[in-house]
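If you read the sequence shown in full-length UniProt numbering, its first letter stands for residue 1, the second for the next number, and so on.
The structure under discussion appears below in the form of structure tokens.
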Amino acid sequence: MNFFLRRKRKNTGASSTAVEEHVPGQEGEDEVCQTCFNWTLRVPPPKDNRPDPVLKLDFGAIAASKATGRCRYCHVINQCLEQFEAKFKPGGNNTVSITGAPNKSFFVSWDDEKNGYTSLQVYRFNAYCECAIEELGPARDMENIVGCPELLRMIRKWLQYCEGNHPKCNQIQGTLPRRLIYIGLESEGWKLIQDVDPDTRYAALSHCWGEESSFTTSKATLQDRIKGITQAELPATFQNAVTVAQALGLEYLWIDSLCIIQDDNSDWNHETSRMGGIYERAYVTIAASSSSGDHIDFLNNSPGRSYYAGHDIDAWPFMSTSYIVGRPVHDVRQTKHMDPLTRRAWAFQERLMSRRFLSYSTALTWTCRGGFVCECGLDFKADPLFDGPSYPGLELSCFEKPDMPAFVRLMDQDPPPSFDLHYLWYNEIVQPYSRRELTKHSDRLPALSGVVKRFHEKIPHDNYLAGLWEQDITRGLLWTTTTTTTTNESGGPGGHLPEDGYRAPSWSWASVEGPISFLSPHQKAPNPGIFRTSVIEAQCQPESMDIPYGHVSDGFLRLKGPATLASLTISPTPTVSLHSKEFKSSPIKDNVWLDTPVQKLRLPGDCGTAIGRSHHPKQQQKVKAQVTCVVLHDSFEVANNLSVISRRLLLVLAPSARREDAFERLGIVQLGSPTGKIQGWYGEFKEKELLVI
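Below, the structure written as structure tokens:
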């Protein structure tokens with residue numbers, strides 16, 4: 001292959017460091033490799049309707065070009081791959097993607113055999129140094145620790161810019177807390193105060209308590225906290241929060257474990273029900289994202305930070321010192337390094353509701369209603385080569401690490417008529433939220449109450465029912481605790497019953513522990529299907545009428561739809577069998593996505609036994625029992641042989657052990673068969689009304 005073409009190149013003035021034999025004729029010409037001829041920072045290829053054109057090269061071609069010692073572009077790209085020990089799967093995808101623009105960084109990504117998707121930012125050491133790639137722009141190096149004086153000065157500049165340029169960030173909304181910690185601007189005189197002036201500016205701390213006993217306020221210690229709190233008493237995370245708040249000029253701090261009386265149920269319920277509003281009202285939220293507990297000094301200890309350190313990229317023989325640096329891209333949408341705080345359920349709404357969110361993670365980042373900035377100089381979508389999950393049309397990028405500015409835009413503006421708010425609720429809020437952890441499992445609903453309140457303001461004519469919305473409740477029933485991917489085709493239960501008693505009706509995703517997935521179709525999908533069952537009545541009773549989005553004490557649905565009896569067998573895979581008079585010898589069977597393991601239960605009165613949800617984390621026994629199946633949703637698809645395949649989602653119910661005339665949910669089954677075949681069994685379904693609790 002002819003790898004090289006000739007092209008004029010501007011003299012860099014670095015003749016003393018360049019190797020003579022690679023500057024043909026010594027006339028300022030350089031040979032440009034055909035492998036990357038269509039990509040240089042100085043003369044990028046046509047944009048092709050993309051903000052940054054992407055070139056895809058074969059790793060072998062890059063290595064072959066580098067081996068000739070003539071192309072500085074392929075040389076630098078290959079050195080980046082070698083420096084970061086890139087490994088490609090034999091016979092797999094060996095594509096290297098590259099994008100960049102003049103006087104900026106360029107980015108290199110590949111699918112690594114060991115680490116999966118990997119992306120590097122490549123940049124000039126500084127704007128003034130001579131560089132092996134003259135069109136390369138500089139970037140900001142990350143400091144060794146996030147608590148250094150340089151970064152404290154940087155966050156003050158971020159705050160000052162936000163105050164002067166972001167009107168939405170200066171709007172005071174939310175709820176004033178009952179108590180704050182006065183920290184002043186000194187290292188003493190700290191104390192808990194109970195009479196909070198409405199105009200008080202305060203910082204709020206978002207943190208993981210950790211397994212070690214946290215420094216808290218109780219009924220017994222309340223007066224001591226009011227008299228004074230010494231610096232030595234506070235765990236490291238709290239001391240760090242004081243340092244950051246004082247650096248921002250804030251004299252008051254809110255910490256949940258200190259400002260809420262932990263053994264006073266009335267105070268706890270009152271303050272936690274308004275938690276979202278407390279973070280929303282805070283002038284800034286300080287997030288100890290990298291800390292797994294309050295004992296950790298997050299200003300001087302950032303696990304994973306060294307991963308993003310810059311490495312010098314060798315450009316010999318083109319220059320003895322290249323002044324080119326490469327480092328992994330710090331992109332908050334990616335989950336290569338999940339912080340402890342991103343696994344905490346309460347922190348989900350703390351991030352979404354805050355108007356300014358300062359995160360001490362592997363890198364220091366600032367998110368506010370006006371935008372995002374990282375200490376590394378990149379924005380929220382730091383990696384232009386990363387194609388992460390997003391909500392069509394609104395750029396709600398990966399709510400695993402919530403995009404607060406996008407959420408605020410959604411809540412503050414009228415969405416387009418085609419926008420499906422309920423779909424977003426289930427798939428972009430409930431689904432990622434359900435993967436997070438709680439110390440007190442009973443907080444599954446309260447920990448989302450602030451987001452619910454904002455969402456309800458968007459749809460005021462709807463009713464919130466223990467995690468679901470009444471106007472779209474049939475679609476809200478299409479949840480499962482088991483993923484629908486091929487990795488879990490057995491239908492084994494992915495969740496379990498909470499051990500702390502009743503939490504929500506069985507039809508709510510909040511009634512079980514574990515990650516939730518939704519099978520619900522988008523309203524604008526090419527084949528959204530048809531809902532066969534309607535909800536003719538729905539009610540949910542809050543534990544306290546003053547806290548409408550928190551704990552619930554009871555609830556029911558009255559369903560009307562096609563239903564039939566079926567046999568549930570677990571031996572060991574859960575399956576449902578539907579029998580038909582027309583097809584007696586060949587019942588239709590399919591796997592069940594059980595919400596939890598099941599067990600035999602005694603029914604009220606003399607009604608015998610049935611099966612119901614079990615508290616055991618694993619299925620303890622083989623089961624064969626009668627259940628009721630209700631058709632929730634029908635859809636159709638055309639197979640490769642042009643036959644029409646029917647997909648029916650059925651709700652699997654069993655008689656309730658709590659109430660004689662009611663049913664409880666066990667799970668969901670999807671029946672898939674050629675349309676003509678399934679119609680025979682479908683004749684067994686009769687329209688019924690069922691009470692589900």
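We put the beta carbon where it would ideally sit given N, CA and C, even for glycine.
Point to revise | Collapsed DSSP secondary structure at Val244 in the structure displayed | key: helix
Point to revise | Glu582 classed as buried or exposed, judged by whether at least 16 other C-beta atoms fall within 10 angstroms | key: Caution applies to Glu582, whose pLDDT of 49 falls short of 50 and renders its modelled position unreliable; the value that the coordinates give is listed next. The residue is exposed, with fewer than 16 neighbouring Cβ atoms inside 10 Å.
**Study point:** Leu468 versus Ala510: straight-line alpha-carbon distance, rounded
**Key:** 9 Å
Point to revise | Contacting residues, own chain, Cβ-Cβ under 7 Å from Asp314 (five flanking each side not counted) | key: Gln79, Ser322
**Study point:** CA nearest to the CA of Asn103, picked from Trp507, Pro138, Asn115
**Key:** Pro138
**Study point:** Nearest-angstrom Cα separation, counted from Arg179 out to Gly164
**Key:** 29 Å
Point to revise | Coarse secondary structure for Leu690, derived from DSSP in three states | key: strand
Review point. Skipping 5 residues on each side, what residues in its chain have a beta carbon closer than 6 Å to that of Ile536?
Key: Arg558, Lys560
Exercise for review: Give a yes or no on whether the C-beta atoms belonging to Phe663 and Pro562 are separated by under 7 Å.
Suggested key: no
Point to revise | Paired residues, beta bridge with Ala566 - DSSP | key: Val627
Review point. Measuring CA to CA, which of Trp593, Asp443, Val592, His616 is closest to Gln599?
Key: His616
**Study point:** Buried or exposed by the 16-neighbour rule on C-beta atoms within 10 Å, applied to Ile530
**Key:** exposed
Exercise for review: Go ahead and label His633 buried or exposed: buried means 16 or more other beta carbons lie within 10 angstroms of its beta carbon, across all protein chains shown.
Suggested key: buried
Review point. Near Arg225, what residues of its chain come up, given a Cβ to Cβ distance below 6 Å and the 5 sequence neighbours on each side ignored?
Key: Leu192, Thr217
Practice item. List the endpoints of the continuous alpha helix (DSSP H) containing Ser65. Key: 59-67
Review point. Which partner residues does Leu192 have in the DSSP bridge list?
Key: Ile181
Check your understanding: If you drop the 5 nearest sequence neighbours on each side, which residues of the same chain put their C-beta closer than 7 Å to that of Ser65?
Key -> Phe3, Cys33, Thr35, Cys71, Cys74
**Study point:** In DSSP terms, what Glu143 is bridged to
**Key:** None; Glu143 has no bridge partner.
Exercise for review: Can you tell me which of Leu465, Arg435, Glu499 puts its alpha carbon nearest to the alpha carbon of Thr481?
Suggested key: Arg435
Review point. Looking at C-alpha atoms only, which residue of Asp414, Val627, Trp479 is the closest neighbour of Phe455?
Key: Asp414
Practice item. Please name the residue in Ser214, Gln349, Trp366 whose C-alpha comes closest to that of Lys273. Key: Before going on, a small fix: residue 273 reads as Ser here, not Lys. Closest option to Ser273, Cα to Cα, is Gln349.
Check your understanding: Does the beta-carbon distance from Phe106 to Val122 come in below 7 Å?
Key -> yes
Point to revise | Supposed close pair Val552, Gln541 - CB separation, criterion 8 Å | key: 6 Å
Exercise for review: Could you pull out every residue in the same chain whose Cβ sits closer than 7 Å to the Cβ of Leu152, ignoring the five residues on either side in sequence?
Suggested key: Ala247
Check your understanding: Comparing alpha-carbon positions, which option in Ala345, Asn144, Met319 lies nearest Ala447?
Key -> Ala345
Exercise for review: Quick one: grab the DSSP three-state call for Asn591.
Suggested key: strand
**Study point:** Distance, Thr474 Cα to Leu690 Cα
**Key:** 14 Å
Check your understanding: Excluding the five sequence neighbours on either side, which residues of its own chain have a C-beta within less than 8 Å of the C-beta of Thr564, listed in chain order?
Key -> Leu578, Thr628, Cys629, Glu684, Phe685, Lys686
Point to revise | Close-in-space but distant-in-sequence residues of the same chain around Ser354 (CB under 6 Å, 5 per side omitted) | key: Tyr279, Thr285
Review point. Given 8 Å as the limit, is there contact between the stretch 322-334 and the stretch 244-264, that is, 3 or more CB pairs closer than that?
Key: no
**Study point:** Whole-angstrom distance between Gly371 and Asp379, CA atom to CA atom
**Key:** 8 Å
Review point. Out of Trp190, Gly476, Arg201, which has the shortest C-alpha to C-alpha gap to Thr230?
Key: Trp190
Check your understanding: Residues in its own chain within less than 7 Å of Gly210 by CB, not counting five upstream and five downstream?
Key -> Ser292, Gly293, Asp294, His295
Practice item. Could you work out which residue in Val242, Lys89, Leu465 is closest to Ser187 when comparing CA atoms only? Key: Val242
Check your understanding: Between which two residues does the beta strand (DSSP E) harbouring Pro149 extend?
Key -> Run containing Pro149: none in the beta strand (DSSP E); it sits in the alpha helix (DSSP H), 149-165.
Check your understanding: Since Arg665 and Leu649 are thought to touch, with beta carbons under 8 Å apart, how far apart are those beta carbons, to the nearest angstrom?
Key -> Actually they are not in contact, since the Cβ atoms of Arg665 and Leu649 sit about 13 Å apart, beyond 8 Å.
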